[in-house]
Amino acid sequence: MEKQENNLNYQEFTFALSRIAIALTSETDLNNLFQLIVSEMLEIANCDACSLFLREYEPDRLVFQATRTLSLEKKQSQHLSTFKAKPVSLEKQSIAGFTALTGRTVNIADCYALSEKEEFKFNSSYDKATHYQTISMLVVPMKLQDGTIVGVIQLINKFDGNNKIVPFPKQLEEVISAVASQAAVAIHNSRLKCIQSESSFTFVALVLSLCVYTFFLGVIDPEANDNSYTIVTLLICLYFIVISIALIRRSELPISKFGLSFKNLKPSLIESGVVTVIILILITLLKIEAIKSWAVFQGYPVIDFGLIDWAFYLYLLIAPFQEFIARGVIQGTVERIMPGKYNSLWAIVVASMLFSVSHVFYSFELAMLTSVSGFLWGYLYMRHRTIIGISISHFLIGNYLVLTHFWSIII
1 MEKQENNLNY QEFTFALSRI AIALTSETDL NNLFQLIVSE MLEIANCDAC
51 SLFLREYEPD RLVFQATRTL SLEKKQSQHL STFKAKPVSL EKQSIAGFTA
101 LTGRTVNIAD CYALSEKEEF KFNSSYDKAT HYQTISMLVV PMKLQDGTIV
151 GVIQLINKFD GNNKIVPFPK QLEEVISAVA SQAAVAIHNS RLKCIQSESS
201 FTFVALVLSL CVYTFFLGVI DPEANDNSYT IVTLLICLYF IVISIALIRR
251 SELPISKFGL SFKNLKPSLI ESGVVTVIIL ILITLLKIEA IKSWAVFQGY
301 PVIDFGLIDW AFYLYLLIAP FQEFIARGVI QGTVERIMPG KYNSLWAIVV
351 ASMLFSVSHV FYSFELAMLT SVSGFLWGYL YMRHRTIIGI SISHFLIGNY
401 LVLTHFWSII I
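In terms of UniProt numbering, the sequence shown is numbered consecutively and its last residue is 411.
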């Protein structure tokens, strides 16, 4: 009798797979799609809990995206709609991490009787915190046809016909794997639609921005002083900030995805600090040599602190604005919407060239200099995904060029 209960009806699951396929293809909102997948998995598997993890590759991690535990919902009135996504470390020691990294399905009859020979370990902290008892577990990868792992589905505590917790049968494992593959395709397609929408909006925004920038160039007086240039730069930054906010709202991504994050702050400050000190030393040595060799610099101090004015302090705002726009918004957006192995490199190139072009109205020499610095700061941003370190570097190097009189020579 027990064997018959564990045997799954082929017709029932064929109907279930067809129903899920239709539901998955008709749902385009990612959050609703996650909820749909979890709910359908609970119904098909007849189990107590289901969790969905998405895999991100930059940085390499799992994101705990959706979960439902039916027994806890009854006790705590908790539902999936109140769940907030959170990142989870990706490592082979965890069961979900093992599946995400290897693409292998894990079927455990009793998590508390797990063999020590296994590469992964069961983490009982959730059970202790919620007074829950995890017994049987099935973890399957959401895998595309080319082998790319989109995420992981974790099912807990399979029920038999008498509401008794039993291991997940092999036949059910195959069905869940088939549904997981459908879910992977649905999530992938939904992401592609989001990228297509974001790339279209980005293209329109960049074209409009270049048009507005060209109009700014038309009203700039070639004989204007440095402070006038600073005001124009601030106005241009404010305009691009408005465009950037529109891009962020359109993407529905957290602001941390655009460089406004304290994560990796320490390594960002250290690397940006080392690079900045080296560049400042090189500028100082060049200025000392210039005083000896160039008539235009003779009679001037190495560092002229008399050049500090309101524009110097205003650069505290301009530098972070520019890094947020160039690196956080443009570089980050191009990297997301551009496919391919070298998308990060191309994103740095695009952001650096746009940043360089925005300085052409000063001089061609400054545009070339900002292009080089853009590659440097773009690389540092790619490593740490925060604009804090590079903004400080930008502020110090930019103002140091002013205090050493190189700025007036460049423009």
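For each residue, glycine too, the CB sits at the ideal point set by N, CA and C.
Everything numeric in this text was worked out from a predicted model, so none of it was measured.
>> Measuring alpha carbon to alpha carbon, tell me which residue in CYS237, MET137, ASN264, VAL334 is nearest LEU317.
In response: By 1-based counting over the sequence shown, the position of residue 317 is 317. Between LEU317 and the set CYS237, MET137, ASN264, VAL334, the nearest pair of CA atoms involves CYS237.
> What's the C-alpha gap between VAL242 and GLU252?
Replying inline: As a first step, residue 242 is located in the sequence shown; it is residue number 242 there, counting from the start. As a first step, residue 252 is located in the sequence shown; it is residue number 252 there, counting from the start. Spanning the two alpha carbons is a distance of roughly 16 Å.
> From HIS188 to VAL150, what does the alpha carbon distance come to, in whole angstroms?
Replying inline: What you label residue 188 is simply residue 188 of the sequence shown in a count that begins at 1. What you label residue 150 is simply residue 150 of the sequence shown in a count that begins at 1. In this structure, the alpha-carbon of HIS188 lies about 7 Å from that of VAL150.
>> Based on DSSP bridge pairs, tell me the residues matched to GLN154.
In response: Mapped onto the sequence shown, residue 154 falls at position 154. Looking at the DSSP output, GLN154 bridges to SER51, VAL139.
> Excluding five sequence neighbours on each side, which residues of the same chain lie with their C-beta closer than 8 Å to the C-beta of ARG104?
Replying inline: Looking up residue 104 in the sequence shown gives position 104. PHE98, PRO141.
> For ASP29, does the count of other Cβ atoms within 10 angstroms reach 16, so buried, or fall short, so exposed?
Replying inline: The sequence position of residue 29 within the sequence shown is 29, counting from 1. The Cβ neighbour count for ASP29, taken over all protein chains shown within 10 Å, is under 16; the residue is labelled exposed.
>> Quick check: ILE22 and ALA183, are their CB atoms within less than 8 Å of each other?
In response: Position 22 of the sequence shown, counted from the first residue, corresponds to residue 22. Position 183 of the sequence shown, counted from the first residue, corresponds to residue 183. When the beta-carbon positions are compared, ILE22 and ALA183 stay at least 8 Å from each other.
> For GLU119, which residues of its own chain have a beta-carbon under 8 Å away from its beta-carbon, when the five flanking residues on both sides are left out?
Replying inline: As a first step, residue 119 must be located in the sequence shown, where it is residue number 119. Counting only Cβ-Cβ distances below 8 Å, and skipping sequence neighbours, we find LYS92, GLN93, PHE98.
>> For ASN157 and ASP48, which I take to be in contact (beta-carbon distance under 8 Å), what is that distance rounded to the nearest angstrom?
In response: As a position in the sequence shown, residue 157 is number 157, starting the count at 1. As a position in the sequence shown, residue 48 is number 48, starting the count at 1. Rounded, the Cβ-Cβ distance is 4 Å, consistent with contact.
> Quick one, which of ARG336, ALA319, ASN107, LEU403 has its alpha-carbon nearest SER373's?
Replying inline: As a first step, residue 373 must be located in the sequence shown, where it is residue number 373. When each option's Cα is compared against that of SER373, the closest is ALA319.
> What does PRO87 pair with, by DSSP beta-bridge criteria?
Replying inline: For the purposes of this step, residue 87 is identified with residue 87 of the sequence shown, where counting begins at 1. Partner(s): VAL63.
>> Taking 8 Å as the threshold (C-beta atoms), are ILE410 and LEU366 in contact?
In response: Taking the sequence shown and counting its residues from 1, one reaches residue 366 at position 366. Taking the sequence shown and counting its residues from 1, one reaches residue 410 at position 410. It is a contact, given that the beta carbons lie within the stated cut-off.
>> So, for VAL135: in the same chain, excluding its five sequence neighbours on each side, which residues have a beta-carbon less than 6 Å away from its beta-carbon?
In response: For the purposes of this step, residue 135 is taken as the residue at position 135 of the sequence shown. In the sequence on display, residue 135 carries Ile and not Val. Shown here for ILE135: same chain residues with a beta carbon closer than 6 Å to its own, the five before and five after excluded, namely ASP110, ASN157, ILE165 in chain order.
>> Which residues does DSSP list as the beta-bridge partners of VAL166?
In response: If you number the sequence shown from 1, residue 166 lands on position 166. Paired residues: LYS158.
> Taking C-alpha atoms, which residue in LEU247, PHE215, PRO339, ALA186 lies nearest to VAL204?
Replying inline: By one-based count along the sequence shown, residue 204 stands at place 204. Comparing Cα-Cα distances from VAL204 to each of LEU247, PHE215, PRO339, ALA186, the minimum goes to LEU247.
>> Given a cut-off of 8 Å on the beta-carbon distance, is the pair PHE240 and SER200 in contact?
In response: Translated into the one-based positions of the sequence shown, residue 240 becomes position 240. Translated into the one-based positions of the sequence shown, residue 200 becomes position 200. Going by C-beta atoms, PHE240 is not nearer than 8 Å to SER200.
> For TYR57, which residues does DSSP report across the bridge?
Replying inline: The residue given as residue 57 occupies position 57 in the sequence shown. According to DSSP, which records beta bridges pairwise, TYR57 is partnered with ASP60.
> Does the Cβ of GLU43 have 16 or more other Cβ atoms within 10 Å, making it buried, or fewer, making it exposed?
Replying inline: Along the sequence shown, read from residue 1 onward, the residue named residue 43 stands at position 43. When all chains shown are included, GLU43 counts as exposed.
>> Could you tell me the alpha carbon to alpha carbon distance between PHE257 and TYR342, rounded to whole angstroms?
In response: One-based indexing of the sequence shown puts residue 257 at position 257. One-based indexing of the sequence shown puts residue 342 at position 342. Looking at the sequence shown, residue 257 is not Phe but Lys. Answer to the nearest angstrom: the Cα atoms are 19 Å apart.
> Could you give the C-beta distance for LYS86 and PHE53, rounded to a whole number, given that I count them as a contact under 8 Å?
Replying inline: Walking along the sequence shown from the start, residue 86 turns up at place 86. Walking along the sequence shown from the start, residue 53 turns up at place 53. Contact between LYS86 and PHE53 does not hold, since the beta-carbon distance rounds to 10 Å and is not under 8 Å.
>> Could you pull the DSSP bridge partners for ASN107 from this structure?
In response: Within the sequence shown, numbered from 1, the residue matching residue 107 stands at position 107. According to DSSP, ASN107 bridges with LEU138.
> If we count the other Cβ atoms within 10 Å of its Cβ and call it buried at 16 or more, is GLU62 buried or exposed?
Replying inline: Taking the sequence shown and counting its residues from 1, the one referred to as residue 62 is at position 62. In the sequence under discussion, the amino acid at residue 62 is Leu, which differs from the Glu named in the question. Under this definition LEU62 is a buried residue.
>> Please return the same chain residues whose Cβ sits closer than 7 Å to the Cβ of ALA290, not counting the five positions on each side in sequence.
In response: Looking up residue 290 in the sequence shown gives position 290. Excluding residues within five positions, the ones whose Cβ falls inside 7 Å are PHE297.
>> Tell me the rounded alpha-carbon separation between LEU234 and ALA311.
In response: To locate residue 234, count along the sequence shown from 1; it is residue 234. To locate residue 311, count along the sequence shown from 1; it is residue 311. One Cα belongs to LEU234, the other to ALA311, and the distance between them is close to 10 Å.
>> Can you tell me whether ILE308 is helix, strand or coil according to DSSP?
In response: To locate residue 308, count along the sequence shown from 1; it is residue 308. Look at ILE308 here: in three-state DSSP terms it is coil, with no helix or strand label.
> What's the call for LEU401, buried or exposed, on a 16-neighbour Cβ count within 10 Å?
Replying inline: Your numbering for residue 401 matches position 401 in the sequence shown. By the Cβ neighbour-count rule, LEU401 is buried, with 16 or more other Cβ atoms within 10 Å of its own.
>> Buried or exposed, going by whether 16 or more other CB atoms sit within 10 Å of the CB of residue 412?
In response: Since the first residue of the chain shown is 1 and the last is 411, residue 412 is not available in this structure.
> If GLU271 sits next to LEU380, beta carbons under 8 Å apart, how far is it from one beta carbon to the other, in whole angstroms?
Replying inline: The sequence position of residue 271 within the sequence shown is 271, counting from 1. The sequence position of residue 380 within the sequence shown is 380, counting from 1. Right, the Cβ-Cβ distance comes to about 6 Å (below 8 Å), so this counts as a contact.
>> If I follow the unbroken alpha helix (DSSP H) through LEU399, where does it start and stop?
In response: The count along the sequence shown starts at 1 and reaches residue 399 at position 399. Reading off the sequence shown, one finds Asn at residue 399, where the question assumed Leu. It spans 388-403 - the alpha helix (DSSP H) in which ASN399 sits, taken as one unbroken run.
>> Given this structure, state the Cα-to-Cα distance separating ILE40 from ILE20, to the nearest angstrom.
In response: Numbered from 1 along the sequence shown, position 40 holds the residue referred to as residue 40. Numbered from 1 along the sequence shown, position 20 holds the residue referred to as residue 20. Reading the sequence as shown, one finds Glu at residue 40 and not Ile. Answer to the nearest angstrom: the Cα atoms are 7 Å apart.
> Alpha carbon to alpha carbon, how far is LEU114 from VAL152?
Replying inline: For this step, residue 114 is matched to residue 114 along the sequence shown. For this step, residue 152 is matched to residue 152 along the sequence shown. Between the alpha carbons of LEU114 and VAL152 lies a distance of about 20 Å.
>> Give me the residue from CYS50, ALA295, ASP304, GLU56 with the minimum Cα distance to LEU72.
In response: The residue given as residue 72 occupies position 72 in the sequence shown. Distances from the CA of LEU72 to each of CYS50, ALA295, ASP304, GLU56 were compared; the closest alpha carbon is that of CYS50.
>> Comparing C-alpha positions only, which one of THR148, ILE95, ASN32 sits nearest to TYR57?
In response: Here residue 57 refers to the residue found at position 57 when the sequence shown is read from its first residue. Nearest neighbour of TYR57 by Cα position, chosen from THR148, ILE95, ASN32, turns out to be THR148.
> Per DSSP, THR148 is paired with what?
Replying inline: The sequence position of residue 148 within the sequence shown is 148, counting from 1. DSSP links THR148 through a beta bridge to no other residue.
>> Contact defined as beta carbons within less than 8 Å: I believe SER344 pairs with PHE375. What is the distance between those atoms, to the nearest angstrom?
In response: In the sequence shown, the residue the question calls residue 344 occupies position 344. In the sequence shown, the residue the question calls residue 375 occupies position 375. The Cβ separation is near 12 Å, so there is no contact.
> Would you call the CB atoms of THR386 and ASN264 closer than 8 Å?
Replying inline: On the sequence shown, position 386 is the one that residue 386 refers to. On the sequence shown, position 264 is the one that residue 264 refers to. Contact flag set, yes.
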